[in-house]
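Read left to right, the sequence shown gives residues 1 to 565 (UniProt numbering). All C-beta atoms in this analysis are idealised placements derived from N, C-alpha and C, irrespective of residue type, glycine included.
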Amino acid sequence: MGQDSTAPSDAVPSSKQPPLEKPEAVSLRTKIVLSFWAVIILLGLPVWWQTTSIYRASLPLQDMLDWAEGLNTPTAIPLHLWLSAPNLPCSDAQKLVQDTQRALDDLNEYPTLHQRLHLVNVGPDGPGTGSKSETRGTRCGEDPASLSHGAPALKILLEPTQDGFAFTLDPVTATARASIAPGIGVNVAKTLADNLHALFREEQIAAALQTVSLSSNSQNAQAFLKSQPYDVVTKVEKQINRAYKSSPEFHLTFSLLTASGAPASWEIDGALRDHIEPLVQALSSIADFEITTQVQLYSTLPPTIQPIHREGQNGSFLQQNDLTAFVNSAEWPLAPSIGDGPTLNFILYVPAKDQIPLSIEGVDGNSWLIPQWGGIQILNPPLLPHPVHVNMIPTYLNHELLRLPFKTFASQLLSLLGVLHPDDSAQSRPLQLQLDAYKRLSALTLYLHAASSLGSLARLAQRLSNIPIPRHVAELVDDSIANLKACCDFSLDGRFDLALTRAKTAFEDSEKAFFDKSMVGQVYFPDEHKIAVLLPLLGPVGVPLIVGLLREAKQMLSRRRAAKV
């Protein structure tokens, strides 16, 4: 009995196997795994695709690049000039105009703003009188109303004289008189052509410089610049470099800064009315101007600027190398920019009483220009006697004291805007001619800037495939291209007012398109950053789902094999 109850010592216990899963449990687990993946595939992936996909509106990339490279730019933009000769024989007038045009073509082959002469039929009082009667009873020249182009850049009255040839510009309007001696010959035509060429040469040079700077298709402009006198090209280039780039909007800030507590006020309204507002009104068709004024008392100079006193000389002096550091940016309330357009600063500085008169050593005059920033004028007001104290600085600057400083500010304003003014010209250039030239250059510059921005946007869209291109950006691009085309058409017709309007609109649209916030932000968040952000999130979630799916697939295969056996 004891032997029967005793188990063998070498017996091995059998391992306990888990119970077999019920078919219902297997089916439930399979449904759970498949339901997770169904949600991922049918709901998760579409939502992820919709929320992470980048919308890229269709852009005319090749057309944009063509505009930037100057392939769509007109090969020739004429500058129309009207000549009238009511008191000259018609045959002589026609021959003179033809010979002068040939001489102009020989002097200059650059097609942009190239002079095109038109003999027009006007009254004996000169161009623009509107009279259709002819003193000699014959019609000589074209009817101005029948010409398809816009207003001429210059109206020239040819009149007979017994003296030698003379070319005189009107001091106010864009008109001129050319006195022609009897016996019209080739020499007279060449002399007239030389005067006209010199009158518009700097404008052509400025246009060529802008084309070289902003367009890749500038072989003609480069060849033209090489053919011009080096000193003239250098002078025009300096005038362009010290000016602000063309803009549809400018802000003018006039500041009275005093080293002491006086003067505390100035007659700024009258000074602006007499010297600045006429210019602003004349330039209103080119750009919008906003004027602000301010007064800052106890405006000290920077610590590095110390006026020096010379023994035996009255007052104090600034050294020329101090002028570049004259502005105390840390303490003077000079805003760098207000709104969309650039800000031009004009400072009238009144030194302390012990420094009056303050002048610049070795320089005639107390004003200077800071390129692409503004102008500064030092004012040394006359000291007023005081019954008790010593002479005092006046507390108020009247209109007479502000007359010369604001005449200087007006000249500096034109320089900062880029209005060309030949300093060494033999005769004074009328302001109207300068403003008309600035209008044409502004239209050309804004046109080139807009085309360049479109090209930059096209290259950006091609290089970065991950940035979105909203629909409104595509609309801005289309509008900009349409305005560029209209600008070209109006320029060919000599309607530079309309060309400037279209160029400004094209420039604004191209800038808005290129600097759109939704595009700029995506540039700094490429796909590599997205992967780095999503992997830590998807890893813990995705691994169990994938492992579960693989395990379920393996078990399904095993069950199918077992069923076959």
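In chain order, PHE317 place their CB closer than 8 Å to the CB of ARG310, counting only its own chain and leaving out the 5 sequence neighbours on each side. GLY150 and ARG495 do touch by the CB rule: their CB atoms are close to 4 Å apart, below 8 Å. By the Cβ-count criterion, GLY375 is buried, with 16 or more other Cβ atoms from all chains shown falling within 10 Å of its own Cβ.
Two segments are said to touch when three or more pairs of C-beta atoms, one from each, lie closer than 8 Å; by this definition the segment 173 to 183 does not touch the segment 202 to 214. Taken through DSSP and simplified to helix, strand or coil, LYS155 comes out as strand. Bounds of the alpha helix (DSSP H) holding TYR230 are 230 to 241.
Rounded to whole angstroms, the gap between the alpha carbons of ASP106 and PRO78 is 16 Å.
In the three-state scheme derived from DSSP, where H, G and I count as helix and E and B as strand, PRO468 is classed as coil.
Along the segment 317 to 389, the beta strand (DSSP E) occurs as fully enclosed runs of 3 or more residues at 343 to 350, 358 to 360, 367 to 370 and 374 to 378, listed in sequence order. Between ARG471 and ASN483 a beta carbon distance of about 19 Å is seen, past the 8 Å cut, so the two are scored as non-contacting.
Taking a 10 Å sphere around the C-beta of PHE515, we find fewer than 16 other C-beta atoms and assign the residue as exposed.
THR300 is the residue among PRO307, THR300 and GLY312 whose C-alpha sits nearest the C-alpha of VAL327. When DSSP reads this structure, SER84 sits in a beta bridge with LEU157. Judged by DSSP in its simplified three-state form, ARG273 adopts helix. Just measuring C-alpha positions, the residue of LEU417, THR168, PRO381 and PRO371 sitting nearest HIS251 is LEU417. Under the criterion of beta carbons closer than 8 Å, SER456 and GLU511 do not qualify as touching, at roughly 11 Å. In this structure, the beta-carbon distance from GLN377 to PRO333 does not fall below 8 Å. For the segment 175 to 213, the continuous beta strand (DSSP E) assignments of 3+ residues that do not extend past its boundaries occur at 175 to 180, in sequence order. The residues TYR396, in chain order, have a CB closer than 6 Å to that of SER265 in the same chain once the five nearest residues on each side in sequence are set aside. Per DSSP, ALA57 lies in no alpha helix (DSSP H) and is assigned neither H nor E. Counting along the chain, SER415 sits inside the alpha helix (DSSP H) bounded by residues 399 to 417.
Residue state for VAL120 is assigned as strand, using DSSP reduced to three classes. By the neighbour-count criterion, in which a residue is buried when 16 or more other Cβ atoms sit within 10 angstroms of its Cβ, MET556 is exposed.
Annotation for HIS449: the continuous alpha helix (DSSP H) segment containing it runs 431 to 463. Counted as a single uninterrupted DSSP element, the beta strand (DSSP E) harbouring GLN296 occupies residues 288 to 296.
Judged by DSSP in its simplified three-state form, LEU252 adopts strand.
Taking 8 Å as the cut-off, the Cβ atoms of LEU88 and LEU169 do not count as close.
Under the 10 Å beta carbon count, VAL122 is surrounded by 16 or more other beta carbons and is classified as buried.
Residue burial is scored here from C-beta neighbours: LEU272 has at least 16 other C-beta atoms within 10 angstroms and is therefore classed as buried. Of the candidates ASP497, LEU535, ILE467 and PRO544, ILE467 places its Cα closest to the Cα of MET519. Pairing ILE305 with ASP322 gives a Cβ-Cβ distance under 8 Å.
Taking LEU297 as the centre and dropping the five residues before and after it, the same chain places the C-beta of THR258, GLY261 and ALA264 closer than 7 Å to its C-beta, in chain order.
Looking at the DSSP output, HIS114 bridges to PRO78. In this structure ARG551 is exposed. Its beta-carbon is surrounded by fewer than 16 other beta-carbon atoms within 10 angstroms. LEU43 and LEU535 have their C-alpha atoms roughly 20 Å apart. Under the 8 Å Cβ criterion, the segment 377 to 388 does not count as touching the segment 277 to 291, having fewer than three qualifying pairs.
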